[in-house]
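Residue numbers (our numbering): 3 to 356.
Backbone N, C-alpha and C define an ideal beta-carbon position, used for all residues, glycine too.
All values derive from a computational prediction rather than experimental measurement.
Comments concern the structure below.
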């Protein structure tokens with residue numbers, strides 16, 4: 003929704019206030035915390051301990067699960083406080099927020115975030131110790147800016163390209179995967195990767211100063227071409243979002259602001275943000291009445307589809323001699339590292355063996 007709002011604002015030449023931009027950044031921080039926490043702690047963590055699900059956790063691992071739920075809950079509460087709901091939030095609007103946060107809950111939210119921060123550092127240690135590895139040479143693509151926000155900045159690549167967001171379609175190329183009905187994408191004719199790993203590779207120097215000070219030895223891992231470091235990158239982003247949110251909330255004093263006047267006109271706009279799974283592109287063409295004439299969305303999972311399928315092929319080919327169960331588990335781990343979507347990140351895989 004954030005990409006769509008930004009797209010319409012660009013089409014109608016609406017410039018949101020600094021307060022609205024701050025609220026959006028906090029909304030994105032809450033989204034990243036809860037989404038990364040769900041993926042890492044509930045789907046990927048069992049892989050590290052060699053069990054099928056968190057339901058098998060016992061003893062110290064069960065305590066770890068309680069901490070995981072605490073981090074995810076902090077992200078949920080931040081999202082609800084700022085945007086009205088953790089999923090499909092109702093408060094973000096074109097040019098403003100429909101409702102400002104209830105500041106009587108400020109200390110409650112800060113306390114939850116500070117507790118979550120302690121736990122998130124512990125989880126970074128856990129994922130940094132993971133020895134899973136699958137390396138490949140590819141280019142990394144994502145938005146980068148001076149504050150490691152998920153909105154704003156230019157599109158950067160590991161090949162030192164820098165592109166204004168509105169020109170994204172000049173560089174992305176949709177391709178049809180020949181053996182399926184799915185589509186994938188190439189960036190300037192090459193395979194590429196988006197997501198937390200790409201963001202850390204491209205922009206780690208702009209992480210929050212407190213985050214950088216807390217985990218310098220883990221940041222030295224990046225840039226990395228090991229897809230399993232996408233999990234470590236997400237764990238680091240959780241800490242960064244918590245640090246950024248705490249600073250923003252501690253100095254936050256929201257004021258009621260006038261709503262911008264919306265005047266539909268024949269125009270087109272582009273919105274580009276960093277969603278949890280990578281760069282999300284949103285392009286709209288509208289008419290004088292505000293009706294949408296054409297829409298083009300490029301989602302992160304579709305952009306990673308080509309590389310993910312190639313890597314699945316590598317994993318299968320390299321491990322055929324180790325048996326069906328081993329191959330299936332390795333493929334599941336790999337797909338979860340790519341974090342394609344919640345359903346694809348669970349234990350879903352059924353292989354037809356010939």
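Query: Rounded separation between residue 316 and residue 268 - CA only; Result: 48 angstroms
Query: Cβ contact (3+ pairs, closer than 8 angstroms) linking the region 114-121 and the region 232-247; Result: yes
Query: Boundaries (first-last residue) of the alpha helix (DSSP H) holding residue 38; Result: 20-39
Query: Cβ neighbours of residue 9 in the same chain (closer than 8 angstroms, five flanking residues each side left out); Result: 271, 272, 273, 284, 285, 286
Query: Cα-Cα separation, residue 22 to residue 98; Result: 6 angstroms
Query: Inter-stretch contact at 8 angstroms, needing at least 3 Cβ pairs: the region 33-40 / the region 63-82; Result: yes
Query: Proximity below 9 angstroms, CB of residue 179 to CB of residue 311; Result: yes
Query: Unbroken alpha helix (DSSP H) run spanning residue 51, endpoints; Result: 47-51
Query: Straight-line Cα distance separating residue 132 from residue 302; Result: 25 angstroms
Query: Rounded separation between residue 363 and residue 206 - CA only; Result: With the chain covering only 3 through 356, there is no way to say anything about residue 363.
Query: Residue from 12, 75, 136 whose Cα sits closest to the Cα of residue 264; Result: 12
Query: Three-way DSSP call (helix, strand, coil) for residue 265 in this model; Result: coil
Query: Local Cβ density within 10 Å of residue 236, reported as buried at 16 or more and exposed below that; Result: buried
Query: Beta strand (DSSP E) runs wholly inside the region 57-137, at least 3 long, in chain order; Result: none
Query: For residue 279, the three-state DSSP class (helix, strand or coil); Result: coil
Query: Beta-ladder partner(s) of residue 159, from DSSP; Result: 143
Query: Opening and closing residue of the alpha helix (DSSP H) in which residue 14 lies; Result: 4-14
Query: Beta-bridge pairing of residue 296 - partner residues as DSSP gives them; Result: 287
Query: Selected residue, minimal CA-CA separation from residue 136, among 279, 231, 292; Result: 231
Query: Boundaries of the beta strand (DSSP E) in which residue 174 is found, first to last residue; Result: 174-178
Query: Beta strand (DSSP E) segment containing residue 186, residue limits; Result: 185-189
Query: Residue 122 burial status per 10 Å Cβ neighbour count (16 or more: buried); Result: buried
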